[in-house]
Every structure is written in structure tokens, then in C-alpha cells.
Amino acid sequence: MDVLSQSFRVLGDTTRLRILRLVAQAPLNVTELVSLVGVAQSSVSHHLSKLKGLGLIREERQAGFTYYSLALESDDTRWPLVRLAREAEDAAGDSARLNDLLRAREDRQALNERLLEPGQSWFLWAGALASLLPPLDVADFGCGTGVFSRALARWAKHVWAIDQSEDALAQAKAHAQRESLSNITFLREDLHRLSLEGGRMDLVVISQSLHHVESPAAVVSEAARLLKPGGRLVVLELLPHEEKWVLERLGHRHLGFAPETLEAALREAGFTSFTRETHARDGASPFRVFLLTGVKPS
């Protein structure tokens, strides 16, 4: 009875009722709730704390964000409170805004998949790999779900597929097993500080991973350390853009790179013999990519 009484008092605030109704429909993070209810982030965080304190909502970390959702089971004595909140008149238009937000979230997820999968980048990689037919030892920095690692493994002697995401590596391993690719070693490590022995790789590929790391220059230096003399580094990256939502939603740390900036980082790490190629914009995407290669001197 005491918990029920406290719940009534907490839900006496209109904003908290709106938040409860919204998270009952879909998991939402603080930024999304701020845009939906139109109050300051500090206020939203305060309301969430009150709701969580009574066990009305739960929080869960996903892709670097904390999402809040309804925590009540259908047999909880407070469930009628939630039902009344969901059925109350939506004078503020929260539901319509929530529908728009969820559609935008789906669109961003689809765009993210286009970024992480080969898509527009395949023709660049086809050109890069065409000259690398001899069997080589290859490191794939930031392999994600292993799309390029598997492509490399079809002609490489051995591939070291490296990523910090346990979930991505699990998917990569499953794909490799289904395709009977046994020449891939999967490593969950920080690209800034790898445990691999230096001077053993013929090729390092970094496909759309540098915009996720804290120090691209440090990762490029690690690639130089791993390569044999005469080894090659191949980088595929995004050109500078203004899509700032990728910083929060996709965990990007950089809004693309000027090719000259990355080439300078390669030169600082000791690479020479640079080549560069830029891809024209895909009409359906706000992003463009470029390909940059360098050679570690013999």
C-alpha cells in the first residue's frame, strides 16, 4: 500500500505521466525524451530518477546509450496507473511526435547499415584487392561483422579480424563458420594498442573505422608497426560532412576526414608512395568515401 501511495504521488506530475506513457510504448533515451516532452535535460533526468526509484521504469545500455522502458509486469498492483496514463487524452501530441521519432530512428538505422556494409564502397575495394592476389597476411582493423574480413580471407593466407565489439565479433565468427572460412583469427582488442607482433603483416586494411577511434594517428601508427617493410596500408574513410547526429546515435568521434589530413598522418607514421581515390556521392546518402593507400618503406 505504501508503494502504491508513493507511486500516486510521483505520477501526480504531468511531465512524469507523459514520460511514463512514452517509455511504455518504446525504449527511449534522455535526448529523445527531451525532444518529445520539450523540457530541459536536467528536468527529464530528475523525472526518470523518480520513476526508476519506484521501479516503474528500467534502464538498459545499448550501443553507448542508456534507454528507458516500462518495468512493470501485468500483475503489478500499479498497472492500472500505467493503463490510465496510456489511455488519457494526448493533449500535448506526444504520440504523434513519438511516431515521427521512431520512423527517423529506423531511417538512421538503415543508413547505418549502409555505412557498415560494403554498399557504395565495393567498387573501390574491388580495385584495391585486384592487385593483391598473392596470398598475404592481412589485418582488418575495426572488422565489425566481418564483411571485408571474409572477402579478404578468400585470397589471403591468413586474416586477423580485430574489433572491440563483442557482439560484432560474434556475428563475424558465425558468418565465417557458415562460409567454412578457417583462415581468420578474431581478436577483441583496442586498435590503439594491439597485442600482435610487429613486422608480420603484408597488408592492413582500415575500412570506415578511423571515425570511431579517439586517435586516428595512433591507430595508423599501430598499422605501421604491424606491417613488414614493403607492406601496404589501405584506408577507406568518410569525407567531411555535417551529419552531427552520427556522433550521438552511431558513436562516431569524427565527422569524416579531409584526405590530406589522413595522408599527413600516414606520412608522419612513415608511409610513402600514396594513392588516393574519391567516390562520387550516392544520391540516397549524405556521405562520400575516399580510398587512401600508403606503403611502409623497405
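Numbering-wise, the working numbering puts 1253 at position 28 of the sequence shown, and it's gapless, one number per residue.
From the three backbone atoms N, C-alpha and C, an ideal C-beta is built for every residue, glycine too.
Excluding five sequence positions before and after A1251, the CB atoms of its chain that fall closer than 8 Å to its own CB belong to S1294, L1323 and L1327, given in chain order. Straight-line spacing of the CA atoms in P1465 and S1405 works out to 38 Å. Judged by DSSP secondary structure, E1468 falls outside any beta strand (DSSP E); it is assigned neither H nor E. A straight-line Cα-Cα distance of about 45 Å links E1284 and R1501. Per DSSP, L1487 lies in no beta strand (DSSP E); the unbroken alpha helix (DSSP H) holding it starts and ends at P1484 to E1493.
CA-to-CA, the gap between E1473 and D1238 works out to about 29 Å.
Taking C-beta separations shorter than 8 Å and ignoring five residues to either side along the sequence, the partners of G1456 in its chain run M1426, D1427, L1428, V1429, V1520 and K1521, following chain order. Around N1408, the same chain offers A1378 and H1383 as residues with beta carbons nearer than 6 Å, after the five sequence neighbours per side are excluded. Using a 10 angstroms sphere on the CB of G1371, the tally of other CB atoms reaches 16 or more, which defines it as buried. For H1437, the secondary structure class from DSSP, reduced to helix, strand or coil, is helix. The continuous alpha helix (DSSP H) containing D1392 extends over residues E1391 to R1403. Fewer than three Cβ pairs drawn from the stretch 1433-1450 and the stretch 1391-1403 lie within less than 8 Å of each other, which leaves the two stretches out of contact. The Cβ atoms of E1447 and R1418 lie closer than 9 Å to each other.
Of the candidates G1476, L1461 and L1279, the residue whose Cα lies closest to the Cα of A1483 is L1461.
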